[in-house]
Amino acid sequence: MKQVIIDTDPGPDDGVAILTALGSPLIEVLGICAVAGNVPLHHTARNVRKILELAERQDVKAFAGAEAPLARPLFTAEYVHGKTGFDGYDLPEPTMPIQPQHAADFIIQEVMSRPAKSITICAFGPLTNLAMAIERDGRVAGRIDQIVWMGGALSEGGNVTPAAEFNCYVDPEAAARVLSSGARIVMMPLDVTHKAHVTADRIERFRTMGNKVGPIFARLLTYAKRFDWQKYGANRAPMHDPTTVVWVLRPELFSGLPVNVEIETNSPLTTGMTVIDWWGVTNRQKNAYVVRDVDAESFYDVIFESFGRLP
Ligand code: BDR
Ligand code: CA
629 MKQVIIDTDP
639 GPDDGVAILT
649 ALGSPLIEVL
659 GICAVAGNVP
669 LHHTARNVRK
679 ILELAERQDV
689 KAFAGAEAPL
699 ARPLFTAEYV
709 HGKTGFDGYD
719 LPEPTMPIQP
729 QHAADFIIQE
739 VMSRPAKSIT
749 ICAFGPLTNL
759 AMAIERDGRV
769 AGRIDQIVWM
779 GGALSEGGNV
789 TPAAEFNCYV
799 DPEAAARVLS
809 SGARIVMMPL
819 DVTHKAHVTA
829 DRIERFRTMG
839 NKVGPIFARL
849 LTYAKRFDWQ
859 KYGANRAPMH
869 DPTTVVWVLR
879 PELFSGLPVN
889 VEIETNSPLT
899 TGMTVIDWWG
909 VTNRQKNAYV
919 VRDVDAESFY
929 DVIFESFGRL
939 P
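Here it is in structure tokens:
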């Protein structure tokens, strides 16, 4: 059983990732941390609780973290996900509480109170909360088993600017701090999420799942993907965030390389770019395992299997 903390800014693809974890008998979700990203924190913190209540998992605690990136104003993506982050379906207002503890302190508490290398962090928003945790307690990075982060891009180019992927663009200083922390990091860049397209057929599989959660996500994904469909061509759009959770369950479905990754934080043209030394042309330290490929069919099987166990 893998013990996992989720750090997220939901968003429908975040929702699919969270539900894939909650539906798996092989993952124990220790808590879910909200961060500002796709939409402001008050929406992401509410969306985390909406998903937990949808999954009937009020036993899992929800935490709110950073309201803004470490060193710059928040850039959000309402143009993709709508004002609330979940505009495609009107989920009921949540009634479960948000915990009083800051998400960064929850991460520190869990990592420090459990055996070293026992916790995986699946992060699929800007890395602000995690950078704060690592900064507040220098021991945290070395005690995490692995951080699996959806972020960055290798050769696909960016999805916010020509150079930068959204999660890295929003808080490049946080990404830089986490990547230089010495923690074991697995990175899921756009190069892999662009190989895991959600198509009309796959949305149909959500819709006809025969439970409550599947059809709701068919609606949410259809809404969010209206934007991507203009961009990637009709009938397909990347499914970003579940790559992190599926990695925890079935790492053999992915392939990549241990490499050096540095984050551009200064250039007006390329801020948030992940500079990945794929060919080993520098002798900089390998600080992340960067994934480049996935068996998309099996990836969706894992998601559907988890969703099938949900109410
Ligand atoms: C990332 O940006 C967000 O909009 C998605 O949820 C995903 O985490 C993809 O660039
Ligand atoms: Ca996300």
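Residue 629 is where the sequence shown starts when you use the numbering used here, and the numbers rise one by one after that. A virtual CB, placed ideally from N, CA and C, is assigned to each residue, including glycine. Since this is a predicted model, take the numbers as computed values, not measurements.
Same chain, Cβ closer than 8 Å to G770, five either side skipped, listed in chain order: For the purposes of this step, residue 770 is taken as residue 142 along the sequence shown, with counting starting at 1. Same-chain partners within the cutoff: A744, G810, A811.
From G779, I736, A673, A732, residue whose alpha carbon lies closest to that of P754: For the purposes of this step, residue 754 is taken as the residue at position 126 of the sequence shown. If we check each option's Cα against that of P754, G779 comes out closest.
For K678, the first and last residue of its enclosing alpha helix (DSSP H): Here the question's residue 678 lines up with position 50 in the sequence shown. 669-682 is the span of the alpha helix (DSSP H), which, as asked, contains K678.
Distance cut-off 6 Å: F752 Cβ against heavy atoms of ligand 1: Start at 1 with the first residue of the sequence shown, and residue 752 comes out as number 124. Yes, since a heavy atom of ligand 1 falls inside the 6 Å radius drawn around the Cβ of F752.
Three-state secondary structure assigned by DSSP to W875: By one-based count along the sequence shown, residue 875 stands at place 247. W875 falls in the helix class under three-state DSSP.
Test item: CB-CB of P725 and L782 under 7 Å: Residue 725 sits at position 97 when you count from the first residue of the sequence shown. Residue 782 sits at position 154 when you count from the first residue of the sequence shown. No.
Residues near A761 by beta carbon distance below 6 Å, same chain, minus five either side: The residue you call residue 761 lines up with position 133 of the sequence shown. Excluding positions up to five away in sequence, the list reads A732, I735, I736, V768.
Proximity test, G693 beta-carbon vs ligand 1 heavy atom, cut-off 6 Å: Here residue 693 refers to the residue found at position 65 when the sequence shown is read from its first residue. No - ligand 1 has no heavy atom lying nearer than 6 Å to the Cβ of G693.
beta-carbon D921 near ligand 2 non-hydrogen atom, thresh 6 Å: Here the question's residue 921 lines up with position 293 in the sequence shown. Result no, Cβ not under 6 Å from ligand 2.
L654 versus K630 - alpha carbon distance: Against the sequence shown, residue 654 aligns to sequence position 26. Against the sequence shown, residue 630 aligns to sequence position 2. Spanning the alpha carbons of L654 and K630 requires a straight line of approximately 6 Å.
DSSP three-state assignment for H825, whether helix, strand or coil: Translated into the one-based positions of the sequence shown, residue 825 becomes position 197. DSSP places H825 in strand when its eight states are reduced to three.
Whether L650 touches A683 by CB criterion (7 Å): Working through the sequence shown from its first residue, we reach residue 650 at position 22. Working through the sequence shown from its first residue, we reach residue 683 at position 55. A contact, by the Cβ cut-off of 7 Å.
Own chain partners of F794 with C-beta closer than 7 Å, once the 5 adjacent residues on each side are dropped: Taking the sequence shown and counting its residues from 1, one reaches residue 794 at position 166. Hits under 7 Å: A705, N787, V788.
E721, buried or exposed, once every other Cβ within 10 Å from all chains shown has been counted against 16: Mapped onto the sequence shown, residue 721 falls at position 93. Exposed.
Sufficient close CB pairs (3 or more, under 8 Å) joining the region 700-717 to the region 671-679: yes
beta-carbon H868 near ligand 1 non-hydrogen atom, thresh 6 Å: The residue given as residue 868 occupies position 240 in the sequence shown. Flag set: Cβ of H868 near ligand 1.
Distance CB(F932)-CB(R864) smaller than 7 Å: Within the sequence shown, numbered from 1, the residue matching residue 932 stands at position 304. Within the sequence shown, numbered from 1, the residue matching residue 864 stands at position 236. Their beta carbons are not under 7 Å apart, which means F932 does not touch R864 by this criterion.
A705 Cβ short of 6 Å to ligand 1 heavy atom set: Here residue 705 refers to the residue found at position 77 when the sequence shown is read from its first residue. It does: the Cβ of A705 is within 6 Å (strictly closer) of some heavy atom of ligand 1.
Cβ-based burial, S652 [other Cβ within 10 Å; buried from 16]: Locating residue 652 in the sequence shown gives position 24, where the first residue counts as 1. S652 is buried by the Cβ-count criterion.
Pick from G716, I633, W875 that is closest to R847, judged by C-alpha positions: Stepping through the sequence shown from its first residue, residue 847 is reached at position 219. Nearest C-alpha to R847: G716.
For M760, the first and last residue of its enclosing alpha helix (DSSP H): What you label residue 760 is simply residue 132 of the sequence shown in a count that begins at 1. Segment 756-764, the alpha helix (DSSP H) holding M760.
Check whether V922 and A824 have beta carbons under 7 Å apart: For the purposes of this step, residue 922 is taken as the residue at position 294 of the sequence shown. For the purposes of this step, residue 824 is taken as the residue at position 196 of the sequence shown. For V922 and A824, yes; Cβs fall inside 7 Å.
For G838 and V889, the rounded distance between their alpha carbons: As a first step, residue 889 must be located in the sequence shown, where it is residue number 261. As a first step, residue 838 must be located in the sequence shown, where it is residue number 210. Taking the straight line from one Cα to the other gives about 43 Å.
Beta-carbon proximity check, V750 vs T836, cutoff 7 Å: Locating residue 750 in the sequence shown gives position 122, where the first residue counts as 1. Locating residue 836 in the sequence shown gives position 208, where the first residue counts as 1. Reading the sequence as shown, one finds Cys at residue 750 and not Val. No, these two residues do not count as a Cβ contact at 7 Å.
Through-space distance from Q727 to T902, alpha-carbon basis: Translated into positions along the sequence shown, residue 902 becomes position 274. Translated into positions along the sequence shown, residue 727 becomes position 99. Going from the Cα of T902 to the Cα of Q727 covers about 33 Å.
Where M815 falls: helix, strand or coil (DSSP): Within the sequence shown, residue 815 is the residue found at index 187, counting from 1. In this structure, M815 counts as strand in the three-state DSSP scheme.
Rounded C-alpha distance that separates A802 from R764: Against the sequence shown, residue 802 aligns to sequence position 174. Against the sequence shown, residue 764 aligns to sequence position 136. About 13 Å.
Three-state secondary structure (DSSP) of Q774: Position 146 of the sequence shown holds residue 774. Residue state, collapsed to three classes: strand.
Proximity below 7 Å, CB of V676 to CB of A690: Here residue 676 refers to the residue found at position 48 of the sequence shown. Here residue 690 refers to the residue found at position 62 of the sequence shown. Yes, the pair counts as a contact, with Cβ atoms nearer than the cut-off.
T898 versus P800: straight-line alpha-carbon distance, rounded: Within the sequence shown, the letter at position 270 stands for residue 898. Within the sequence shown, the letter at position 172 stands for residue 800. Between T898 and P800, the C-alpha separation is close to 11 Å.
Per DSSP, cross-strand counterpart(s) of I655: Position 27 of the sequence shown, counting from 1, holds the residue named residue 655. Partner(s): K630.
Selection from C796, E892, F927, W906 that minimises the alpha carbon distance to Y917: In the sequence shown, counting from the first residue as 1, residue 917 sits at position 289. Residue W906 is the option with its Cα nearest to Y917.
Buried/exposed call for Q913, threshold 16 Cβ in 10 Å: Walking along the sequence shown from the start, residue 913 turns up at place 285. Looking at its Cβ environment, which holds fewer than 16 other Cβ atoms inside 10 Å, Q913 is exposed.
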